[in-house]
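Visitor: Following this message is one structure expressed as structure tokens.
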Amino acid sequence: MNDKENYDDGLHAMLQALPQPEPTAELDQAILAQAEKELGTEQAANDKHYLFFKKSFVQRHRVALGLAATVLIAANLVLMEPVERPAPQPEAAAAMEVPLLAEPGVARPHAPLPEIVAPAPAMDSSAAPSVAASPPEPRPAPPARPQPGAVAAVEAAPAAVAEAPPPPPAPAAAAPVARDEVLARSRAAMKEEMAKARAVPMAQSLADTPDAALNRIITLEQLGDRIALARAWQAFRRSYPNHPVEDSLRARLDALPAPPPED
Amino acid sequence: MLRYQAGDLQAFRELYQRHRLGLYRFIAWRSPRCDWVDEITQDAWAALHTARASYRPQARFRTWLYQIARNRLVDLLRQKELEAEELAPELSDDSSPPELLAARQQDQLLHAAIRALPPEQREALVLQQYSGLSMEEIAEVTGAERETVKSRLRYAMQKLRAALQPEGSPS
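Chain order of the listed sequences is A and B.
Per this note's numbering: the first sequence ends with 256, consecutive numbering throughout.
Per this note's numbering: the second sequence ends with 1660, consecutive numbering throughout.
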């Protein structure tokens, strides 16, 4: 028996002709209205949910965001403070003064120079004071009488300075550790530069450009070697009479006593 | 259906227009009282709306819709403490044109014969004749085997033919 055997054509026609109930228009409207209401409610809920997240993203996290921003700013300020503070500490500034012209009766014609670039040539490197220590004692005055080995002594001194280990870092009681490290590195670099400058013979230094010669003169001034400084200054004036020199530096160099004649 | 599942109201309108007649007739033939049909129909569509999130594209929408309506119908009839087959309402009294019923006594006989069918046979017959479902769909909706549905339809047609035969005529 196949499916079609179930159908009697006449009975099937009668079944199809049998009037069937249909949903009324009111029922259709009610069902559609109900669906519209529920879908609209869901849509509104979704929109509200979306707007809640969209609008409240900053508002809901504003406290956390504010705290985070505060922490970031505070941390940034704390970390940047040693770098942004240009003025040295008072005790450090006092320690930086250098007795360039230590002879009694001779006024210091310039502002104090950093101590880190002015170690005494005859000073024992093992006893180098720290930056924050008490001010260095005045270097013994050079002999007034010319000595034959003066130049040799001057040229031998830088070697001792170059071999001297860098001074121990300053105590961190008054300044942050970061600044101490920066000062220590600067001091070491400056000493190395000074050693290089003093290791160069004067004739060679004068054979360089006037700026290089002037830099070496400045280095000698910082080292306090007044005889070598006076000789270098005279040689510089002879070699570069028209080269501009800073007035204060020129005044200090002109005030130097005449160096003893070289051998 | 997928658009309706996503909340598209227009998609629901299309689905409703496509299935409103078949589902309404199915519920009307299953409902023990005519004044319950609208309520059950509306509740069945509401149940569809609630259950639409669980719809899977693998299922045929029509069978899924009729399953929801059928389950909802059973639940409502249980709530009303009535059995669907216990009452035989005059289905066409309210919804069919009176003049048509008066004119066609044969329709009344056929209507009464359908009402007199066992519930499973009547359900299969209505789903096939008035809701347009295939045997496979009927089997899926009712949870019966295809051969069982086929047998129910065969017996239903035999009973209808017998009911419509004039008394004394050979079957």
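Glycine included, every Cβ here is placed at the ideal spot set by N, Cα and C.
Answer with yes or no whether the minimum CB distance from residue 1556/B to chain A is below 8 Å.
Guide: Against the second sequence, residue 1556/B aligns to sequence position 67. Judged by the 8 Å Cβ criterion, residue 1556/B is not in contact with chain A.
Visitor: Against residue 1638/B, what residues of chain A qualify as contacts under a CB-to-CB distance less than 8 Å, listed in chain order?
Guide: As a first step, residue 1638/B must be located in the second sequence, where it is residue number 149. Those within 8 Å of residue 1638/B in chain A number zero; the least Cβ separation is about 10 Å.
Visitor: How would you label residue 1520/B, buried or exposed, when you count the other beta carbons within 10 angstroms and need 16 or more for buried?
Guide: The count along the second sequence starts at 1 and reaches residue 1520/B at position 31. Residue 1520/B should be labelled buried.
Visitor: Can you tell me where the alpha helix (DSSP H) holding residue 1511/B begins and where it ends?
Guide: Counting from one through the second sequence, the residue named residue 1511/B turns up at place 22. Note, residue 1511/B: alpha helix (DSSP H), 1498 to 1519.
Visitor: Quick one: what does DSSP say residue 15/A is sitting in, helix, strand or coil?
Guide: Stepping through the first sequence from its first residue, residue 15/A is reached at position 22. Residue 15/A: coil per DSSP, three-state reduction.
Visitor: Quick check on the burial criterion: 16 or more other C-beta atoms within 10 angstroms. Buried or exposed for residue 1564/B?
Guide: Locating residue 1564/B in the second sequence gives position 75, where the first residue counts as 1. The residue is exposed, with fewer than 16 neighbouring Cβ atoms inside 10 Å.
Visitor: May I ask which residues mark the beginning and end of the alpha helix (DSSP H) holding residue 1617/B?
Guide: Along the second sequence, one-based indexing puts residue 1617/B at 128. Segment 1608 to 1618, the alpha helix (DSSP H) holding residue 1617/B.
Visitor: Measuring CA to CA, which of 1567/B, 1613/B, 1618/B and 1646/B is closest to residue 1628/B?
Guide: Along the second sequence, read from residue 1 onward, the residue named residue 1628/B stands at position 139. Measuring from the Cα of residue 1628/B, the nearest candidate turns out to be 1613/B.
Visitor: Looking at C-alpha atoms only, which residue of 1495/B, 1543/B, 1516/B and 1622/B is the closest neighbour of residue 1531/B?
Guide: The residue given as residue 1531/B occupies position 42 in the second sequence. Closest by alpha carbon: 1516/B.
Visitor: Measure the Cβ-Cβ separation of residue 1633/B and residue 1611/B and say whether it is below 8 Å.
Guide: What you label residue 1633/B is simply residue 144 of the second sequence in a count that begins at 1. What you label residue 1611/B is simply residue 122 of the second sequence in a count that begins at 1. For residue 1633/B and residue 1611/B, no; Cβs fall outside 8 Å.
Visitor: Quick check: is the beta carbon of residue 1524/B nearer than 8 Å to any beta carbon in chain A?
Guide: Stepping through the second sequence from its first residue, residue 1524/B is reached at position 35. Chain A contact via Cβ: absent.
Visitor: Decide yes or no for the touch test of the region 225 to 241 of chain A against the region 1495 to 1511 of chain B: beta carbon pairs closer than 8 Å, at least 3 of them.
Guide: No: fewer than three Cβ pairs fall under 8 Å.
Visitor: Would you say residue 1508/B lies against chain A (beta-carbon separation less than 8 Å)?
Guide: Stepping through the second sequence from its first residue, residue 1508/B is reached at position 19. No, no contact with chain A.
Visitor: Does the distance from the C-beta atom of residue 1535/B to that of residue 1598/B stay below 8 Å?
Guide: Residue mapping note: residue 1535/B aligns to position 46 of the second sequence, counting from 1. Residue mapping note: residue 1598/B aligns to position 109 of the second sequence, counting from 1. No, the Cβ-Cβ distance between residue 1535/B and residue 1598/B is not below 8 Å.
Visitor: So, is the C-beta of residue 1565/B closer than 8 Å to a C-beta in chain A?
Guide: Locating residue 1565/B in the second sequence gives position 76, where the first residue counts as 1. Residue 1565/B does not count as touching chain A.
Visitor: Kindly indicate the opening and closing residues of the alpha helix (DSSP H) around residue 1563/B.
Guide: Counted from its first residue, the second sequence places residue 1563/B at position 74. Counting along the chain, the alpha helix (DSSP H) containing residue 1563/B begins and ends at 1550 to 1568.
Visitor: Any C-beta of chain B sitting closer than 8 Å to the C-beta of residue 257/A?
Guide: The first residue shown for chain A is -6 and the last is 256, placing residue 257/A beyond what the model contains.
Visitor: Return the first residue and the last residue of the alpha helix (DSSP H) that residue 208/A is part of.
Guide: Here residue 208/A is taken as the residue at index 215 of the first sequence, counted from 1. Unbroken alpha helix (DSSP H) run through residue 208/A: 203 to 216.
Visitor: Could you give the distance in angstroms between the alpha-carbon of residue 1550/B and the alpha-carbon of residue 1626/B?
Guide: Residue 1550/B sits at position 61 when you count from the first residue of the second sequence. Residue 1626/B sits at position 137 when you count from the first residue of the second sequence. Their backbone Cα atoms lie some 10 Å apart in a straight line.
Visitor: Tell me which same chain residues have a C-beta within less than 6 Å of the C-beta of residue 252/A, skipping the five on either side of it?
Guide: Here residue 252/A refers to the residue found at position 259 when the first sequence is read from its first residue. Excluding positions up to five away in sequence, the list reads 220, 223 and 224.
Visitor: Would DSSP call residue 239/A helix, strand or coil?
Guide: What you label residue 239/A is simply residue 246 of the first sequence in a count that begins at 1. Reduced to three states, the DSSP call for residue 239/A is coil.
Visitor: Could you tell me whether the Cβ of residue 1651/B comes closer than 8 Å to any Cβ of chain A?
Guide: As a first step, residue 1651/B is located in the second sequence; it is residue number 162 there, counting from the start. False, the Cβ-Cβ gap to chain A never drops below 8 Å.
Visitor: Can you give me the start and stop residues for the alpha helix (DSSP H) that residue 1642/B sits inside?
Guide: In the second sequence, counting from the first residue as 1, residue 1642/B sits at position 153. It spans 1635 to 1653 - the alpha helix (DSSP H) in which residue 1642/B sits, taken as one unbroken run.
Visitor: Quick one: grab the DSSP three-state call for residue 54/A.
Guide: Walking along the first sequence from the start, residue 54/A turns up at place 61. DSSP places residue 54/A in coil when its eight states are reduced to three.
Visitor: Measuring only the C-alpha atoms, how far is residue 181/A from residue 56/A?
Guide: Along the first sequence, one-based indexing puts residue 181/A at 188. Along the first sequence, one-based indexing puts residue 56/A at 63. Roughly 48 Å separates the two Cα atoms.
Visitor: Under DSSP, the alpha helix (DSSP H) around residue 2/A begins and ends at which residues?
Guide: Counting from 1 along the first sequence, the entry for residue 2/A is found at position 9. Residues 2 to 10.
Visitor: Rounding to the nearest angstrom, what Cα-Cα distance links residue 173/A and residue 67/A in this structure?
Guide: Locating residue 173/A in the first sequence gives position 180, counting from the first residue. Locating residue 67/A in the first sequence gives position 74, counting from the first residue. Roughly 22 Å separates the two Cα atoms.
Visitor: If you follow the alpha helix (DSSP H) that residue 1596/B is in, where does it begin and where does it stop?
Guide: Counting from one through the second sequence, the residue named residue 1596/B turns up at place 107. Residue 1596/B -> alpha helix (DSSP H) spans 1594 to 1605.
Visitor: Three-state secondary structure (DSSP) at residue 179/A?
Guide: Against the first sequence, residue 179/A aligns to sequence position 186. Helix, per DSSP.
Visitor: Quick one: does residue 13/A have its CB under 8 Å from some CB of chain B?
Guide: Locating residue 13/A in the first sequence gives position 20, where the first residue counts as 1. Closer than 8 Å: yes.
Visitor: So is residue 7/A in contact with chain B if we call contact Cβ pairs under 8 Å?
Guide: The residue given as residue 7/A occupies position 14 in the first sequence. Closer than 8 Å: yes.
Visitor: Cβ atoms of residue 12/A and residue 1596/B: under 8 Å apart, would you say?
Guide: Residue numbering aside, residue 1596/B sits at position 107 when the second sequence is read from its first letter. Residue numbering aside, residue 12/A sits at position 19 when the first sequence is read from its first letter. Going by C-beta atoms, residue 1596/B is nearer than 8 Å to residue 12/A.
Visitor: Quick check: the Cα distance between residue 1553/B and residue 54/A, rounded to an integer number of angstroms?
Guide: Within the second sequence, numbered from 1, the residue matching residue 1553/B stands at position 64. Within the first sequence, numbered from 1, the residue matching residue 54/A stands at position 61. Whole-angstrom Cα-Cα distance: 45 Å.
Visitor: If we call anything under 8 Å between Cβ atoms a contact, is residue 28/A one with residue 1600/B?
Guide: Counting from one through the first sequence, the residue named residue 28/A turns up at place 35. Counting from one through the second sequence, the residue named residue 1600/B turns up at place 111. Contact: no.
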